[in-house]
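Residue numbering for the sequence shown follows our numbering, beginning at 77 and increasing consecutively. Each remark here refers to the structure printed beneath this line.
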Amino acid sequence: MRVPLQWLREYVDPPLDTHALADRLTMTGTNVEAIHHHGVAALDHFVVGRVLEADQHPNADRLRVCLVDIGKSAPQQIVCGAPNVAAGQ
Numbered sequence: 077m078r079v080p081l082q083w084l085r086e087y088v089d090p091p092l093d094t095h096a097l098a099d100r101l102t103m104t105g106t107n108v109e110a111i112h113h114h115g116v117a118a119l120d121h122f123v124v125g126r127v128l129e130a131d132q133h134p135n136a137d138r139l140r141v142c143l144v145d146i147g148k149s150a151p152q153q154i155v156c157g158a159p160n161v162a163a164g165q
């Protein structure tokens, strides 16, 4: 059975971080198979950018070559398959 940590902490709020709580539950005989992180913490590897240019890929009908400003010193070239991507997005 999956149990959300937030739900568990509504009933019992031990002063332990997630992994320490999982260890304690395991010691009581409760099987903790996995810990899944959702929400903001799961977004650590996402990058948001603005599409500056979107051109047809020269060698593929269903791909677009985009120039994207992701906040670094120079815009990045990204190839994507989204047919609705356009400059300004």
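The beta carbon of each residue, even a glycine, is placed where N, CA and C say it ideally should be.
Cα-Cα separation between residue i and residue j, rounded to whole angstroms
i: L119; j: N135; result: 33 Å
i: G105; j: M77; result: 14 Å
i: R126; j: W83; result: 38 Å
Neighbourhood of residue i by C-beta distance below 7 Å, restricted to the same chain and skipping five residues each side
i: L143; result: L128, E129, P151 and Q153
Opposing strand residues paired with residue i [DSSP bridges]
i: R126; result: D145
i: R140; result: Q132 and C156
Sequence-distant residues of its chain with Cβ nearer than 6 Å to residue i (five each side left out)
i: V88; result: none
i: I146; result: V123, G125 and Q152
i: T102; result: V108
Assigned secondary structure, residue i (DSSP; H/G/I helix, E/B strand, else coil)
i: Q153; result: strand
Limits of the unbroken alpha helix (DSSP H) element including residue i
i: T102; result: T94 to M103
i: L119; result: Careful: L119 lies outside any alpha helix (DSSP H) and carries neither H nor E.
i: Q165; result: Where Q165 is concerned, there is no enclosing alpha helix (DSSP H), given that its DSSP letter is neither H nor E.
i: R85; result: L81 to Y87
Own chain, CB closer than 8 Å to residue i, minus 5 neighbours either side, in chain order
i: A162; result: V127 and A130
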